[in-house]
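Undergrad: Would you mind keeping the following structure in view while I ask a few things?
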Amino acid sequence: MSDKQLQIPVEPGHRAAGGTNPYRGVFDRLSDFCRARSLFLLHYCTGCGAIELPPAMTSRYDMERLGIQPMATPRQADILLVTGYVATKTLKRIMLTYEQMSAPRYVIGICSCTVNGGMYWQSYATVKKLNEYLPVDMYIAGCMPRPEAVIVGLQKLMDKIEAGRAESWKDYYRNYDYYLGKQQALFGERWQTPTDIIAEARRYDLFGPGTLGEHTALLEQYQQPLEMPSAPVFGREREKIER
Amino acid sequence: MDSGKELASWLDKVLEDFQGVQVRRKSTSRVRVDVDADALPALLELLQGRAGYVHLSALSCVDWIDDDEFELVYHVWSYETRSLVSAHIRIPRDPGAYLSVYDIYKPAAFFERDIFEMFGVFFEGSPHMEKFILTEWDGPPPMRKEFDTRKYVHDTFDWQQYNPEWLQEIRAKGGGIVE
Chain H
83 MSDKQLQIPV EPGHRAAGGT NPYRGVFDRL SDFCRARSLF LLHYCTGCGA
133 IELPPAMTSR YDMERLGIQP MATPRQADIL LVTGYVATKT LKRIMLTYEQ
183 MSAPRYVIGI CSCTVNGGMY WQSYATVKKL NEYLPVDMYI AGCMPRPEAV
233 IVGLQKLMDK IEAGRAESWK DYYRNYDYYL GKQQALFGER WQTPTDIIAE
283 ARRYDLFGPG TLGEHTALLE QYQQPLEMPS APVFGREREK IER
Chain X
7 MDSGKELASW LDKVLEDFQG VQVRRKSTSR VRVDVDADAL PALLELLQGR
57 AGYVHLSALS CVDWIDDDEF ELVYHVWSYE TRSLVSAHIR IPRDPGAYLS
107 VYDIYKPAAF FERDIFEMFG VFFEGSPHME KFILTEWDGP PPMRKEFDTR
157 KYVHDTFDWQ QYNPEWLQEI RAKGGGIVE
């Protein structure tokens with residue numbers, strides 16, 4: 083290596099694209115290009131919309147030619163596909179799933195039910211607006227949308243990812259207090275998940291003015307260790323305790 | 007088929023002897039029995055022990071708010087005669103409690119727990135009366151007629167602005183979403 087430094091002309095990134103990193107112009111554009119072509123899809127089949135996914139995935143419409151594959155676990159998936167009505171009980175599981183997914187993560191709400199409750203609009207047990215509880219990148223309305231519509235929606239998401247605009251997952255960190263407040267309104271103020279979103283926001287430089295607030299204060303107030311230390315004690319140690 | 011008819015007429019005779027019972031035969035395989043609430047456990051015991059109605063296929067509840075009564079319907083099925091007996095009882099809405107038939111039909115625990123959650127009818131002697139399906143729910147039992155689900159929904163949830171072109175076209179013609 084010589085003393086002379088290699089000069090690479092680097093175009094600074096645009097703040098409008100949501101990046102604070104000036105090198106976004108090069109590396110992130112490349113990674114966005116690759117990311118948009120390799121999407122793993124976690125289909126959380128909450129309702130009837132799931133029935134349109136097998137034809138979309140298999141030989142008839144073949145989503146794999148676009149680089150989209152189904153994935154079995156949330157930790158390895160990029161897209162969370164919520165396919166149908168979301169009951170309050172289901173939403174709890176969706177939140178646990180969503181928070182487990184590694185960033186960047188994208189959420190698509192399929193069917194009218196995720197938009198406004200759909201045909202379950204007057205049900206006490208069905209959540210109406212999915213994007214109150216987690217940031218949704220895209221809705222594909224319809225009851226149910228045909229596989230073509232699902233694929234067009236996914237293509238639009240791919241375009242969005244490639245353009246660096248699919249960044250609503252950052253909103254979950256920046257406005258965590260809002261989302262948590264909506265979740266607490268349904269699940270009670272003692273609601274907590276295994277994922278420490280606030281710490282993640284600090285770690286990944288996504289801490290925003292809306293990250294902390296009254297709802298996260300409640301979260302910290304009721305925070306409990308997830309696994310209670312309960313190693314069984316036998317023999318003389320137990321006798322000591324009993325004495 | 008003849009034996010089925012014979013069994014059916016035999017069942018009618020057995021039920022005629024039972025006091026406080028009104029039997030309405032719908033077909034060879036369906037009988038509706040209206041019975042006093044006190045006599046129901048004895049009737050079910052008779053049906054299960056003597057007539058082979060070993061399968062409690064469902065236990066349903068109807069809220070007759072104008073009569074101030076709950077109706078409980080016990081559907082029991084016999085594999086031998088291939089017929090269903092629906093035993094209907096009425097219990098007062100207040101306090102809305104009844105005896106469990108868990109000791110006669112074990113699957114009753116499942117249905118009773120469900121009805122307690124949805125209608126608030128307490129079954130004395132049922133082994134599990136805690137939350138079942140609505141684990142995130144602390145409101146009133148939602149299937150009771152006095153529970154206004156539409157009001158609850160409007161109070162609890164917000165709505166998305168959703169006014170696509172096709173809906174505007176329908177509205178222009180005088181249609182639209184009907185509540």
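As they're listed, the protein sequences go chains H and X.
Residue numbering for the first sequence follows the working numbering, starting at 83 and increasing by one per position.
Residue numbering for the second sequence follows the working numbering, starting at 7 and increasing by one per position.
We treat Cβ as the ideally placed atom computed from N, Cα and C, and that holds for glycine.
Shortest alpha-carbon distance to Glu306/H belongs to which of Tyr126/H, Trp273/H, Tyr215/H?
TA: If you number the first sequence from 1, residue 306/H lands on position 224. Residue identity differs from the one stated: residue 306/H is Gln in this sequence, not Glu. Comparing Cα-Cα distances from Gln306/H to each of Tyr126/H, Trp273/H, Tyr215/H, the minimum goes to Trp273/H.
Undergrad: Answer with yes or no whether the minimum CB distance from Thr179/H to chain X is below 9 Å.
TA: Counted from its first residue, the first sequence places residue 179/H at position 97. No, Thr179/H lies away from the interface with chain X (no Cβ there is under 9 Å from its Cβ).
Undergrad: Identify, in the order they occur along the chain, each residue of the same chain with its Cβ nearer than 6 Å to the Cβ of Val159/X, setting aside the five sequence neighbours on each side.
TA: Here the question's residue 159/X lines up with position 153 in the second sequence. If we look at Val159/X and ignore the five residues flanking it on each side, it has no Cβ neighbours.
Undergrad: At a Cβ cut of 9 Å, what residues of the segment 178-205 of chain H count as close to chain X, listed as they run along the chain?
TA: Ser194, Val197, Asn198, Gly199, Trp203, Gln204, Ser205
Undergrad: Applying the criterion that 16 or more other CB atoms from any shown protein chain within 10 Å of the CB defines a buried residue, is Leu112/H buried or exposed?
TA: The residue you call residue 112/H lines up with position 30 of the first sequence. Leu112/H should be labelled exposed.
Undergrad: For a contact defined as C-beta to C-beta under 8 Å, what are the partners of Phe163/X on chain H?
TA: Indexing the second sequence from 1 puts residue 163/X at position 157. For Phe163/X, the chain H residues whose C-beta falls within less than 8 Å of its own C-beta are Gly199, Val209, Lys210, Lys211, listed in chain order.
Undergrad: Using a C-beta cutoff of 9 Å, does Thr140/H count as contacting chain X?
TA: Within the first sequence, numbered from 1, the residue matching residue 140/H stands at position 58. Chain X contact via Cβ: absent.
Undergrad: Using a beta-carbon distance below 9 Å, is Glu152/X in contact with chain H?
TA: Taking the second sequence and counting its residues from 1, the one referred to as residue 152/X is at position 146. So no, Glu152/X is outside the interface.
Undergrad: Could you give the uninterrupted runs of the beta strand (DSSP E) lying entirely in the segment 127-184 of chain H, keeping only those of 3 residues or more?
TA: 150-152, 161-165
Undergrad: Below 6 Å CB to CB, which residues in the same chain sit around Pro113/X once its five sequence neighbours on both sides are set aside?
TA: Reading the second sequence from its first residue, position 107 is the one you call residue 113/X. Once the five neighbours on either side are set aside, the close Cβ partners of Pro113/X are Leu62.
Undergrad: Please list the terminal residues of the continuous alpha helix (DSSP H) segment that includes Lys252/H.
TA: The residue given as residue 252/H occupies position 170 in the first sequence. For Lys252/H, the enclosing alpha helix (DSSP H) stretches over residues 250-256.
Undergrad: Could you tell me the boundaries of the beta strand (DSSP E) in which Phe76/X lies?
TA: Residue numbering aside, residue 76/X sits at position 70 when the second sequence is read from its first letter. That run of the beta strand (DSSP E) goes 75-84.
Undergrad: Applying the 10 Å Cβ sphere with the 16-neighbour rule, what's the burial state of Cys225/H?
TA: Reading the first sequence from its first residue, position 143 is the one you call residue 225/H. Burial call: exposed.
Undergrad: If the criterion is Cβ atoms closer than 9 Å, does the pair Tyr143/H and Pro152/H meet it?
TA: Looking up residue 143/H in the first sequence gives position 61. Looking up residue 152/H in the first sequence gives position 70. It is not a contact, given that the beta carbons lie outside the stated cut-off.
Undergrad: Relative to the alpha-carbon of Ile110/X, which residue among Arg56/X, Val39/X, Ile71/X has its alpha-carbon at the smallest distance?
TA: Position 104 of the second sequence, counted from the first residue, corresponds to residue 110/X. Of the listed residues, the one whose Cα sits closest to Ile110/X is Arg56/X.
Undergrad: Cα separation between Gly166/H and Ala281/H?
TA: What you label residue 166/H is simply residue 84 of the first sequence in a count that begins at 1. What you label residue 281/H is simply residue 199 of the first sequence in a count that begins at 1. If I take the Cα positions, the gap works out to 32 Å.
Undergrad: Within 8 Å, do at least three Cβ pairs link the segment 86-98 of chain X to the segment 135-145 of chain X?
TA: no
Undergrad: Find the residues of chain H that neighbour Arg156/X, judging by a C-beta separation of less than 8 Å, and give them in chain order.
TA: Residue numbering aside, residue 156/X sits at position 150 when the second sequence is read from its first letter. What Arg156/X touches in chain H: Gln204.
Undergrad: Quick one: is Gln174/X near chain H, going by C-beta distance under 9 Å?
TA: Position 168 of the second sequence, counting from 1, holds the residue named residue 174/X. It does not: the Cβ of Gln174/X has no partner Cβ on chain H nearer than 9 Å.
Undergrad: With 9 Å as the C-beta to C-beta threshold (strictly closer), list the residues of the segment 15-48 of chain X near chain H in chain order.
TA: none
Undergrad: Measure the beta-carbon distance from Gln204/H to Arg156/X and round it to whole angstroms, keeping in mind my assumption that it falls under 8 Å.
TA: By one-based count along the first sequence, residue 204/H stands at place 122. By one-based count along the second sequence, residue 156/X stands at place 150. The Cβ separation is near 5 Å, so the contact holds.
Undergrad: Are any of the Cβ atoms in chain H nearer than 9 Å to that of Tyr168/X?
TA: Numbered from its first residue, the second sequence carries residue 168/X at position 162. Yes - at least one Cβ of chain H is within 9 Å of the one on Tyr168/X.
Undergrad: Out of curiosity, what's the CA-to-CA distance linking Gln303/H and Tyr260/H?
TA: Position 221 of the first sequence, counted from the start, is the residue given in the question as residue 303/H. Position 178 of the first sequence, counted from the start, is the residue given in the question as residue 260/H. Gln303/H and Tyr260/H: Cα-Cα distance of roughly 17 Å.
Undergrad: Using the C-alpha atoms, what's the distance from Cys116/H back to Lys137/X?
TA: Here the question's residue 137/X lines up with position 131 in the second sequence. Here the question's residue 116/H lines up with position 34 in the first sequence. Their Cα atoms are separated by approximately 48 Å.
Undergrad: For Ala64/X, name the three-state secondary structure that DSSP assigns.
TA: Locating residue 64/X in the second sequence gives position 58, where the first residue counts as 1. The answer is strand: DSSP assigns Ala64/X an E or B state.
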